[in-house]
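Counting in this note's numbering, the final residue of the sequence shown is number 912, and the numbers go up one at a time with none missing.
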Amino acid sequence: MLFLSARALSTGASNPIENTVESAVNAFVAAFTEAVRSSNILTQMFDWREEPEKEVAQAVCKEVKFFLSAWGADNVENIAASTIQYIPQNFSAHPLETPIRANGNTMANYLVSEGILNTRNAPILAKTYAKSFEHFSCRTEIKMNAVRDGFINFATSLTPMTPERGLKLAQKYEEAWRLATLLQGSGICYENP
């Protein structure tokens with residue numbers, strides 16, 4: 720399997736610190752992907768291939784605006800628009816792995832930026848992240864609500880949200896989707912189920 724971050728793709732990640740960060744991110748994404756793929760509930764939750772066109776991006780945009788406003792951030796309209804610019808308008812052409820890896824990369828890179836994630840704790844944090852989604856999957860029939868709740872619950876359980884952290888989380892989300900889109904467009908694809 721191929722695991723890449725945007726930094727490794729652009730710079731080759733030759734610095735030992737970058738390699739350690741890269742290893743932690745890869746370990747987290749691999750463990751999260753494995754946890755999702757081994758759960759029918761989570762696999763269905765992240766299978767957005769039959770979601771109506773543009774609905775995912777619109778739902779994410781609405782939620783980004785809501786949470787950034789609640790956390791006291793400024794300029795939420797522009798930040799939300801930027802955050803969703805790489806989310807596919809139609810998921811039917813994308814493999815199941817795309818939203819799984821985008822959500823995994825988002826959280827892994829956010830946790831690294833907060834000094835929380837390392838290679839030792841990556842597998843347990845990834846499994847806890849997956850359990851957060853699983854917990855909320857039984858509370859709603861709407862996939863996007865369960866994904867939102869699992870994502871936000873996990874992030875806020877580890878870091879109290881401030882405007883700066885909210886902006887950082889939105890930035891990591893945008894970067895993860897940019898990477899997913901870049902990999903999909905370059906022909907480097909994830910396995911299809």
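C-beta atoms are modelled at their ideal positions from N, C-alpha and C, and glycine is treated no differently.
Is residue 829 closer than 8 Å to residue 888 when the C-beta atoms are compared? As a working mapping, residue 888 is identified with position 169 in the sequence shown. As a working mapping, residue 829 is identified with position 110 in the sequence shown. In this structure, residue 829 lies closer than 8 Å to residue 888 by Cβ.
Does residue 856 pass the burial test, meaning 16 or more other C-beta atoms within 10 Å, or should it be called exposed? Residue 856 sits at position 137 when you count from the first residue of the sequence shown. Buried: at least 16 other Cβ atoms inside 10 Å.
Contact between the region 792-803 and the region 767-780: three or more CB pairs below 8 Å? Under the 8 Å Cβ criterion, the region 792-803 counts as touching the region 767-780, having at least three qualifying pairs.
Quick one, which of 893, 752, 811, 871 has its alpha-carbon nearest residue 773's? Within the sequence shown, numbered from 1, the residue matching residue 773 stands at position 54. Of the candidates 893, 752, 811, 871, the one whose C-alpha sits nearest the C-alpha of residue 773 is 811.
Assigned exposure category for residue 849 - 16 Cβ within 10 Å defines buried: Here residue 849 corresponds to residue number 130 of the sequence shown, with the count starting at 1. The residue is buried, with at least 16 neighbouring Cβ atoms inside 10 Å.
Quick one: residues in its chain with C-beta nearer than 8 Å to the C-beta of residue 876, no 5 flanking neighbours on either side, listed in chain order? As a working note, residue 876 is residue 157 in the sequence shown. Exclusion of the five residues before and after residue 876 leaves 851 as the residues of its chain whose Cβ lies within less than 8 Å of its Cβ.
Leaving aside the five residues before and after residue 872 along the sequence, list all residues of the same chain whose C-beta is less than 6 Å from its C-beta, in chain order. Locating residue 872 in the sequence shown gives position 153, counting from the first residue. Hits under 6 Å: 851.
Classify residue 729: buried if its beta carbon has 16 or more other beta carbons within 10 angstroms, exposed otherwise. Taking the first residue of the sequence shown as position 1, residue 729 is located at position 10. Residue placement at residue 729 is flagged as unreliable, the pLDDT there being 36, under the threshold of 50; the coordinate-derived value follows with that caveat. Label assigned to residue 729: exposed.
Just how far apart, CA to CA, sit residue 880 and residue 847? Residue mapping note: residue 880 aligns to position 161 of the sequence shown, counting from 1. Residue mapping note: residue 847 aligns to position 128 of the sequence shown, counting from 1. If you take the alpha carbons of residue 880 and residue 847, they lie about 19 Å apart.
On the criterion of 16 or more Cβ atoms from any shown chain inside 10 Å, does residue 786 qualify as buried, or is it exposed? Sequence index remark: in the sequence shown, residue 786 carries index 67 (1-based). It is buried - the Cβ of residue 786 has at least 16 other Cβ atoms within 10 Å.
Where residue 773 sits in the DSSP three-state scheme: Mapped onto the sequence shown, residue 773 falls at position 54. Three-state DSSP puts residue 773 in coil, outside helix and strand.
Backbone CA spacing between residue 814 and residue 894 [nearest angstrom]: Position 95 of the sequence shown, counting from 1, holds the residue named residue 814. Position 175 of the sequence shown, counting from 1, holds the residue named residue 894. For residue 814 and residue 894, the distance between alpha carbons rounds to 19 Å.
Unbroken alpha helix (DSSP H) runs of length 4 or more, entirely within the region 858-883: which are they? 862-877
Any idea what DSSP makes of residue 907, helix, strand or coil? To locate residue 907, count along the sequence shown from 1; it is residue 188. In this prediction, residue 907 scores a pLDDT of 47, lower than 50, which makes its location untrustworthy; the coordinate-derived value is nonetheless stated afterwards. Residue 907 falls in the coil class under three-state DSSP.
Let me check understanding here. Comparing Cα to Cα, which of 832, 823, 863 lies closest to residue 770? Residue 770 sits at position 51 when you count from the first residue of the sequence shown. It is 863 whose Cα lies nearest to the Cα of residue 770.
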